[in-house]
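Reading through the structure tokens given below for one structure.
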Amino acid sequence: MGRKSVLISGAGIAGSTAAYWLARNGWQVTVVEKAEAMRSSGNPIDVRGDAASVAHRMHIWPALREKATRVDRLVVVDETGRPRIAMDTRQASEPDREVEVPRADLAAALLSAARGEAEIVVGDSISELTQDEAGVDVRFASGSTRRFQLVLGADGLHSAVRRLTFGPEENFASPFGMYVGTMRTALDAGDPRELRLFNRPGISLSLHPGAGHPLAAFIFRSNEHLDRLDPQARKRMVESAYEGRGWICDDVTAEWAAADDVYFDAVTRVTVPVWTRGRVSLLGDAADCVSLLGDGSSNAIIGAKTLADALAAHPADHRTALTAYEAAQRPLIRAAQRRAGTNSHFLVPASRIGLGLRNASMRLASLTRRPSEHADAQA
Ligand SMILES: Cc1cc2nc3c(=O)[nH]c(=O)nc-3n(C[C@H](O)[C@H](O)[C@H](O)COP(=O)(O)OP(=O)(O)OC[C@H]3O[C@@H](n4cnc5c(N)ncnc54)[C@H](O)[C@@H]3O)c2cc1C
């Protein structure tokens with residue numbers, strides 16, 4: 103008997119992790135990725151807890167540490183750039199259990215691990231899926247066709263697998279009332295240990311030193327509907343939210359208008375009632391998520407490993423395996439979806455009063471943290 107075959111759509115955080123573990127468990131894995139090349143945008147991401155354990159076991163921890171940012175402080179600045187509040191973001195240094203890396207470096211490390219184990223096809227995508235009792239016939243946009251025993255949709259928020267198998271995106275996705283735009287910036291980010299954050303009611307702009315390549319992130323509240331792929335629309339939206347607002351807003355907005363490697367999307371909540379239909383299943387943002395502020399990347403890593411473990415535990419019964427995967431992973435995502443609302447009020451307070459309350463709570467937190475900081479320093 104040959105190895106069982108699985109096609110994974112998307113070589114992002116979830117897709118590469120799943121590819122690695124399924125191949126290690128004996129599956130013949132093919133990954134199809136729409137993008138021709140890795141992109142440099144994307145905010146830094148914390149990998150910690152169970153996701154850190156998975157990264158250790160994939161032997162990518164040294165690569166992540168090498169790309170790690172050195173940020174350990176959040177500094178809120180005013181419209182002149184003057185620091186108003188400073189808060190430590192790490193209570194103690196745990197280099198083996200927590201790392202912050204730019205999303206692009208995390209994605210590259212996971213993909214490089216997967217490359218050693220799986221066939222990776224770039225610049226293509228699935229255009230048709232037809233399943234029967236024994237397998238799934240797949241037609242690709244390039245015109246080729248192949249058959250697999252399982253198909254996994256790890257193709258993110260706007261998943262093609264979800265659309266083809268479960269229904270149109272609007273059945274599952276609802277807007278969170280915010281937009282996010284990130285890009286690399288040529289601006290000097292200053293102290294490599296400081297993430298600087300600027301707010302006005304309903305908008306935030308952060309300047310992150312990254313790991314030598316500073317990153318700017320616009321996160322703002324808006325209920326406007328726009329075509330995220332239309333560069334003119336996203337330029338206009340960011341300009342109207344940020345121009346003339348102070349600090350570095352005008353410089354970054356001008357860079358944004360000229361940049362082509364950017365991440366821009368409406369923050370979205372995705373809820374799919376059941377993640378598996380026959381031989382097709384979803385993971386990462388394609389399944390359930392809030393696409394920002396909900397530990398999406400760590401949860402994507404954990405979910406991919408949980409799915410691979412479940413298929414290994416039930417090698418002859420993919421239905422039971424995929425049900426077990428969903429039962430284990432869904433509570434994690436539900437909790438993250440619940441936290442996202444609170445997190446959004448912290449990062450982007452909607453009103454002047456909200457901003458004042460957020461700043462007061464940060465000042466209090468920075469004061470109450472001091473004693474443990476001293477203890478850490480003395481230890
Ligand atoms: C370039 C990029 C930058 C990002 N930056 C941020 C950020 O700054 N802040 C934030 O909160 N989240 C960001 N995200 C989303 C974040 O990575 C995810 O929310 C999270 O990591 C969950 O991972 P995922 O693997 O489910 O989805 P993703 O990491 O989004 O990966 C999905 C993958 O599928 C590929 N794909 C999409 N459609 C198809 C298709 N039809 N066929 C084949 N492949 C397809 C994508 O190119 C991508 O590689 C970014 C995603 C990308 C792709």
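So the sequence shown is numbered by our numbering: it starts at 103 and just counts up by one.
Ideal Cβ positions, reconstructed from N, Cα and C, are used throughout, including at glycine.
(1) Pull up the distance between the alpha-carbon of Arg421 and that of Pro164, whole angstroms please.
(2) Just list the alpha helix (DSSP H) runs in the stretch 412 to 452, keeping only unbroken ones of 4 residues or longer that don't cross its boundaries, in chain order.
(3) Under three-state DSSP, which class holds Ala477?
(4) Does at least one heavy atom of ligand 1 sit under 6 angstroms from the Cβ of Lys60?
(5) So is the beta-carbon of Ala210 under 6 angstroms away from any non-hydrogen atom of ligand 1?
(6) State the DSSP-derived secondary structure class of Ala189, mapped to helix, strand or coil.
(7) Tell me the residue span of the alpha helix (DSSP H) that contains Ile147.
(8) Reducing DSSP to helix, strand and coil, say where Thr378 ends up.
(9) Looking at Ala210 and Ser400, is the spacing between their C-beta atoms short of 7 angstroms?
(10) Quick check on the burial criterion: 16 or more other C-beta atoms within 10 angstroms. Buried or exposed for Ala318?
(11) Verify the contact flag: Asn145, CB atom, against every heavy atom of ligand 1, threshold strictly below 6 angstroms.
(12) Return the CA-CA distance between Ala121 and Arg184, expressed in angstroms with no decimal places.
(13) Is the Cβ-Cβ distance between Ser244 and Asp226 less than 7 angstroms?
(14) Residue range of the alpha helix (DSSP H) that Glu181 falls in?
(15) Can you list the beta strand (DSSP E) stretches of 3 or more residues lying completely in the stretch 236 to 292, in chain order?
(16) Which residue from Pro146, Pro294, Gly144 and Ser118 puts its Cα closest to that of Val134?
(17) Could you check how far apart the C-beta atoms of Tyr344 and Phe320 are, in whole angstroms? I think they sit under 8 angstroms.
(18) Rounded to the nearest angstrom, how far is the Cβ of Leu297 from that of Ser308, given a contact under 8 angstroms?
(19) How would you call Ala479, buried or exposed, if buried means at least 16 neighbouring beta carbons within 10 angstroms?
(20) Let me confirm a value: Val149 is counted as buried when at least 16 other C-beta atoms fall within 10 Å, else exposed. Which label applies?
(21) Candidates Ser468, Leu331, Ala430 and Val364: which alpha carbon is nearest Ser143's?
(22) Alpha carbon to alpha carbon, what distance is there between Arg186 and Val177?
(23) CB-CB under 7 angstroms to Glu475, same chain, minus the five flanking residues each way: which ones, in chain order?
(24) Whose C-beta lies closer than 6 angstroms to the C-beta of Cys391 among residues of the same chain, with five residues either side of it excluded?
(25) Spatial neighbours of Thr247 within its chain, please: C-beta separation below 7 angstroms, excluding the five flanking residues on both sides.
(26) Which ranges would you report for the beta strand (DSSP E) in the stretch 314 to 391 if only whole runs of at least 3 residues count?
(27) Here's a check: name, in chain order, each residue in its chain whose Cβ is nearer than 6 angstroms to the Cβ of Gly348, leaving out the five neighbours to either side.
(28) Shortest alpha-carbon distance to Val224 belongs to which of Gly312, Arg199 and Asp257?
(29) Leaving out five residues before and five after Gly312 in sequence, what residues of the same chain have Cβ atoms less than 7 angstroms from its Cβ?
The structure says:
(1) Position 319 of the sequence shown, counting from 1, holds the residue named residue 421. Position 62 of the sequence shown, counting from 1, holds the residue named residue 164. Roughly 36 angstroms separates the two Cα atoms.
(2) 420 to 449
(3) The sequence position of residue 477 within the sequence shown is 375, counting from 1. Any reading at Ala477 must be qualified, since the residue scores a pLDDT of 33, below 50, and its modelled position is unreliable; no value is offered.
(4) Only positions 103 to 481 of the chain appear in the structure, and residue 60 is not among them; the question remains open.
(5) By one-based count along the sequence shown, residue 210 stands at place 108. Outside the cutoff, so no.
(6) Within the sequence shown, residue 189 is the residue found at index 87, counting from 1. The amino acid at residue 189 is misidentified as Ala; the sequence shows Met. Look at Met189 here: in three-state DSSP terms it is strand.
(7) Position 45 of the sequence shown, counted from the first residue, corresponds to residue 147. First-last for Ile147: Pro146 to Arg150, but that is the beta strand (DSSP E), not the alpha helix (DSSP H).
(8) As a working note, residue 378 is residue 276 in the sequence shown. Here Thr378 sits in strand by DSSP.
(9) Indexing the sequence shown from 1 puts residue 400 at position 298. Indexing the sequence shown from 1 puts residue 210 at position 108. Contact flag unset, no.
(10) Locating residue 318 in the sequence shown gives position 216, where the first residue counts as 1. Label assigned to Ala318: buried.
(11) Working through the sequence shown from its first residue, we reach residue 145 at position 43. Checking the Cβ of Asn145 against ligand 1 gives yes.
(12) Along the sequence shown, one-based indexing puts residue 121 at 19. Along the sequence shown, one-based indexing puts residue 184 at 82. Approximately 46 angstroms, taken between the alpha carbons.
(13) As a first step, residue 244 is located in the sequence shown; it is residue number 142 there, counting from the start. As a first step, residue 226 is located in the sequence shown; it is residue number 124 there, counting from the start. In contact: Ser244 and Asp226 (Cβ atoms closer than 7 angstroms).
(14) Mapped onto the sequence shown, residue 181 falls at position 79. Note, Glu181: premise wrong, no alpha helix (DSSP H); not H, not E.
(15) 238 to 242, 247 to 250, 252 to 255 and 275 to 286
(16) Numbered from 1 along the sequence shown, position 32 holds the residue referred to as residue 134. Checking every option, the nearest Cα to that of Val134 belongs to Ser118.
(17) Locating residue 344 in the sequence shown gives position 242, where the first residue counts as 1. Locating residue 320 in the sequence shown gives position 218, where the first residue counts as 1. Tyr344 to Phe320, Cβ: 6 angstroms. Contact.
(18) Translated into the one-based positions of the sequence shown, residue 297 becomes position 195. Translated into the one-based positions of the sequence shown, residue 308 becomes position 206. Between Leu297 and Ser308 the beta-carbon gap is near 6 angstroms, inside 8 angstroms, which marks them as a contact.
(19) Locating residue 479 in the sequence shown gives position 377, where the first residue counts as 1. Reliability fails at Ala479, whose pLDDT of 30 lies under 50, so the model's placement of it is uncertain and the value that follows must be treated cautiously. Flag for Ala479 reads exposed.
(20) Within the sequence shown, numbered from 1, the residue matching residue 149 stands at position 47. Looking at its Cβ environment, which holds 16 or more other Cβ atoms inside 10 Å, Val149 is buried.
(21) Against the sequence shown, residue 143 aligns to sequence position 41. Ranking the options by Cα distance to Ser143, first place goes to Val364.
(22) Looking up residue 177 in the sequence shown gives position 75. Looking up residue 186 in the sequence shown gives position 84. Cα to Cα, Val177 sits roughly 7 angstroms from Arg186.
(23) Working through the sequence shown from its first residue, we reach residue 475 at position 373. Note that Glu475 has pLDDT 41, beneath the 50 cutoff, so the model's placement of it is unreliable and the number below is only indicative. The answer, listed in chain order, is Asp190.
(24) One-based indexing of the sequence shown puts residue 391 at position 289. So the list reads Val372 and Gly398, once near-sequence residues are dropped.
(25) Translated into the one-based positions of the sequence shown, residue 247 becomes position 145. Listed in chain order, the non-local C-beta contacts of Thr247 below 7 angstroms within the same chain comprise Asp239, Val240 and Arg241, local neighbours out to five positions each way being set aside.
(26) 317 to 323, 365 to 372 and 382 to 384
(27) Indexing the sequence shown from 1 puts residue 348 at position 246. Counting only Cβ-Cβ distances below 6 angstroms, and skipping sequence neighbours, we find Glu181.
(28) As a working note, residue 224 is residue 122 in the sequence shown. For Val224, the nearest C-alpha among the options comes from Asp257.
(29) Taking the first residue of the sequence shown as 1, we reach residue 312 at position 210. Answer for Gly312: Pro146, Thr171 and Pro204, listed in chain order.
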